[in-house]
């Protein structure tokens, strides 16, 4: 398994290089540049700016220049946030997004798995219908609806939490719930489906025949196999939740990474776009590897040796 | 667009400053014990290098971290002593002598001397710094040539230090608003000793940045807040009442509004336009908590460009017909609802003492409609028949969409023509507009300085901001004549003649003049530079001076 993991890690390098190359050139196809505004700059001023950021060089030169510094771990200066380098921006904001993401994910897992198990324990009864209807609602309601609703209820009417900002420890609660609810809904449906699949298997019948308690069967046998679909969903979901909290970060005014993901593209902040895309790609690759390794632990049929 | 510029040069018009004459002195207001002010500040600042910065959110912070040779009155924006305690001008208006105060210091205690200005201005103009705002220093002798790299020796620039406390500035041409310009951040001094020690932009980080303004940078957390504290080395530190100032980059207007009504902000940067009627009611209900809602004129015009190189808008009659058939008052009152003033010309009234006699109707009344219809018929489209299908291009935004929808309906109802709507992402829209790849395109122009020139010189043939394909040699001549004369009355008359041509040819469709709005809490007050308390009063260029703010009980 270690050899497998090592092989996968080495395999990431060409993938990331390809991602960097494709992003670099696609980004430049978009009309407009980082210094375009509705106020045309005098030609000589524009010339100075382009020279300063090497935008006057041929594209392939810019590409090699960028890749050269990328290999040294330098993501370059941000075009828009000129007082910060892309490395600065990521290192200053990733912890906020990560803590928000982890909180949202834990909430999603706890709520999703428990309600999924509850539903699967007595299919086609009220115990199934109620959590599944709620989860359908959760999937349908996007965070830009849930967020303001929570703010209205818990922030303004009940006055339990701050309506925006990231200063007090409790400021994480509302955004994490807004962020995690949709994922909780997915996890709950996947858990229910997975558990119902496993329940029909022979080894569960064996466990029942051995006279094990229902709760022991559920926790030790059924859930282990039943959670496999959830685990494979979690890889991309975690990457998405960690960097994709754009909407929630905007609604609650949270100083995380997610906002830069969208804004950098709109601003044509080339270096920041590259930094964000590479960060997301790396996260995705690493998390998928982790998912595959967890698979081997959960499912005896899977082996990488 | 909203983050663009808004420089402060120029003669501030007195007509738009009626508030200045009736300052509301507060005799019995008492200061609160906690002087902490929290302000919504729009977008995250791009950078805090005053020589390079261009946006308004940045200027709100830079105006407090640094100070120029002159400073400004927070209400009238007339010049007051800054680093210079007095100054004089030569008879030909070309040479200024500034006398710097002897106790001027950087926030780290180092003395600030005349040579600091010489170095800072040369740096701001240097091609290597590539400042977008370098043109603010083109007024200085050889400034433009130095910026373009045609002159390499900074000693040839028209700025010289005589001893430690005297600065002599020579200009290219008489620039009556120069002592206002020195209070603009491109001309602020920057600390050479820090910039050389922390190269690149590292010197602007919190904990490193050294300024000379009333406040210092204590914390800068990206997308979270910027915190300023009073500068103990500031020459007028006795005036400062605020102990802490927090700037929050809240771009989402709804979030900002919620934060305000939760009592966490003293002032918002903007207001969600749709909710203004609700706010007015809410504010009226608690007159002790909030300032009455008010919108303040802002130096800008919201308009549409016509592409005059393509049919049907290459025909002046069609352009005029479209201009006559929209109801500007209805748009301002029912669509935008921010207290905007319908635009009956292009230059906002009172810009630098200049007001153009209105020529465009602000109501689509029967007379205007009759003329519009006959113009359209004369152009070959009677009752709108055979009118080619054209689109209004706008950058994606709810507000622009609403205005475009209203105009689309008005043109359909009043002239019988079909207009499509077409929205694009900001940079794509800019690109298409520049390439004349549109028929009608939304635009806004915020004046660089309160003078008609900033609204009119953009329409000269081939001007970078023209972007309509329109050209008129007589117009070009008038604008060029206006820049050469020193006779103020003559200059304004050139502008008047030019605007007449512009509004006759109409490569544009002016819609409304901008206003600036914000929600303000009742305990936020101001003080004059003598320390007298007054009601909070906005100025027409949205400049913010913390040393003039106080919190009352």
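Residue numbers (this note's numbering), protein chains in the order written: chain A, 1 to 305; chain B, 1001 to 1553. Glycine included, C-beta positions come from ideal geometry on N, C-alpha and C.
Nearest candidate by alpha-carbon position, reference residue i, set the options
i              : options                        : result
residue 167/A  : 180/A, 156/A, 254/A, 63/A      : 254/A
residue 1333/B : 1061/B, 1512/B, 1127/B         : 1512/B
residue 1120/B : 1069/B, 1090/B, 1089/B         : 1069/B
residue 116/A  : 297/A, 265/A, 233/A, 223/A     : 223/A
residue 24/A   : 32/A, 38/A, 218/A, 59/A        : 59/A
residue 1357/B : 1503/B, 1273/B, 1091/B         : 1503/B
residue 1399/B : 1273/B, 1279/B, 1309/B, 1451/B : 1273/B
residue 994/B  : 1349/B, 1160/B, 1499/B         : Residue 994/B is absent from the structure shown; chain B starts at 1001 and stops at 1553.
residue 1067/B : 1211/B, 1492/B, 1200/B, 1171/B : 1211/B
residue 1185/B : 1142/B, 1374/B, 1072/B, 1352/B : 1072/B
residue 19/A   : 237/A, 56/A, 300/A, 282/A      : 282/A
8 Å Cβ shell around residue i - same chain, five flanking residues per side excluded
i              : result
residue 137/A  : 185
residue 1481/B : 1494
residue 231/A  : 291, 294, 295, 298
Buried or exposed (CB count within 10 angstroms, at least 16 for buried), residue i
i              : result
residue 191/A  : buried
residue 1354/B : buried
residue 80/A   : buried
residue 1107/B : buried
residue 1220/B : buried
residue 1448/B : buried
residue 1488/B : exposed
residue 1013/B : Only weak support exists for where residue 1013/B lies, its pLDDT of 36 falling under 50; the coordinates are left without a value.
residue 1222/B : buried
residue 61/A   : exposed
residue 1281/B : exposed
residue 218/A  : buried
residue 1409/B : exposed
residue 179/A  : buried
residue 1532/B : exposed
residue 1438/B : buried
residue 159/A  : exposed
residue 1361/B : buried
residue 1309/B : exposed
residue 91/A   : exposed
residue 1010/B : Only weak support exists for where residue 1010/B lies, its pLDDT of 34 falling under 50; the value from the coordinates is given anyway. The residue is buried, with at least 16 neighbouring Cβ atoms inside 10 Å.
residue 14/A   : exposed
Residues near residue i by beta carbon distance below 6 Å, same chain, minus five either side
i              : result
residue 67/A   : none
residue 1420/B : 1391
residue 1098/B : 1069, 1084, 1087, 1167
residue 1406/B : 1331, 1335
residue 1240/B : 1214, 1230, 1547
residue 1270/B : 1253
residue 1259/B : 1265
residue 1599/B : Any question about residue 1599/B goes unanswered here, given that chain B covers just 1001 to 1553.
residue 157/A  : none
Rounded distance between the beta-carbons of residue j and residue i, thought under 8 Å
i              : j              : result
residue 1174/B : residue 1396/B : With 8 Å as the limit, residue 1174/B and residue 1396/B do not qualify as a contact, their Cβ atoms being about 44 Å apart.
residue 1217/B : residue 1065/B : 6 Å
residue 1509/B : residue 1497/B : Their Cβ separation, rounded to whole angstroms, is 21 Å, which puts residue 1509/B and residue 1497/B out of contact at 8 Å.
residue 1440/B : residue 1393/B : 7 Å
residue 7/A    : residue 289/A  : Wrong, their Cβ atoms sit about 10 Å apart, outside the cutoff.
residue 1140/B : residue 1171/B : 6 Å
Chain-order list of residues whose beta-carbon lies under 7 Å from that of residue i (same chain, five-residue window excluded)
i              : result
residue 309/A  : A question about residue 309/A goes unanswered here, because the residues of chain A that appear run from 1 up to 305.
residue 1134/B : 1124, 1125, 1147
residue 1288/B : 1522
residue 246/A  : 258, 259, 261, 262
Neighbouring residues, chain E, relative to residue i (Cβ below 9 Å)
i             : result
residue 268/A : The displayed structure is made up of protein chains A and B, and chain E is not among them.
Is the segment 1319 to 1326 of chain B in contact with the segment 1409 to 1417 of chain B, if contact means three or more CB pairs nearer than 8 Å?
-> Contact between the segment 1319 to 1326 of chain B and the segment 1409 to 1417 of chain B is present, because at least three Cβ pairs lie under 8 Å.
Does the pairing of the segment 1338 to 1353 of chain B with the segment 1295 to 1302 of chain B give three or more beta-carbon distances under 8 Å?
-> As far as the Cβ criterion goes, the segment 1338 to 1353 of chain B touches the segment 1295 to 1302 of chain B, which means the pair count is three or higher.
Report yes or no: do three or more beta-carbon pairs, one from the segment 1044 to 1064 of chain B and one from the segment 1172 to 1190 of chain B, lie closer than 8 Å?
-> With three or more CB-CB distances shorter than 8 Å, the segment 1044 to 1064 of chain B counts as touching the segment 1172 to 1190 of chain B.
Do the segment 1359 to 1376 of chain B and the segment 1538 to 1551 of chain B meet, that is, are 3 or more Cβ pairs less than 8 Å apart?
-> Flag = no, the segment 1359 to 1376 of chain B and the segment 1538 to 1551 of chain B do not touch.
Could you tell me whether the segment 218 to 228 of chain A touches the segment 270 to 282 of chain A, where touching means 3 or more Cβ pairs closer than 8 Å?
-> Contact between the segment 218 to 228 of chain A and the segment 270 to 282 of chain A is absent: fewer than three C-beta pairs spanning the two stretches fall below 8 Å.
Inter-stretch contact at 8 Å, needing at least 3 Cβ pairs: the segment 1129 to 1147 of chain B / the segment 44 to 54 of chain A = The segment 1129 to 1147 of chain B is in contact with the segment 44 to 54 of chain A.
With a cut-off of 8 Å, do at least 3 Cβ pairs link the segment 80 to 100 of chain A to the segment 235 to 246 of chain A?
-> They touch, by the three-pair rule.
Please confirm if the segment 1026 to 1044 of chain B is in contact with the segment 1137 to 1152 of chain B, defined as three or more CB-CB distances below 8 Å between the two stretches.
-> Fewer than three Cβ pairs drawn from the segment 1026 to 1044 of chain B and the segment 1137 to 1152 of chain B lie within less than 8 Å of each other, which leaves the two stretches out of contact.
Contact the segment 201 to 210 of chain A vs the segment 120 to 139 of chain A: 3+ CB pairs below 8 Å | Contact between the segment 201 to 210 of chain A and the segment 120 to 139 of chain A is absent: fewer than three C-beta pairs spanning the two stretches fall below 8 Å.
The segment 1260 to 1273 of chain B / the segment 1520 to 1527 of chain B touching (three or more Cβ pairs under 8 Å) = Enough Cβ pairs lie closer than 8 Å, so yes.
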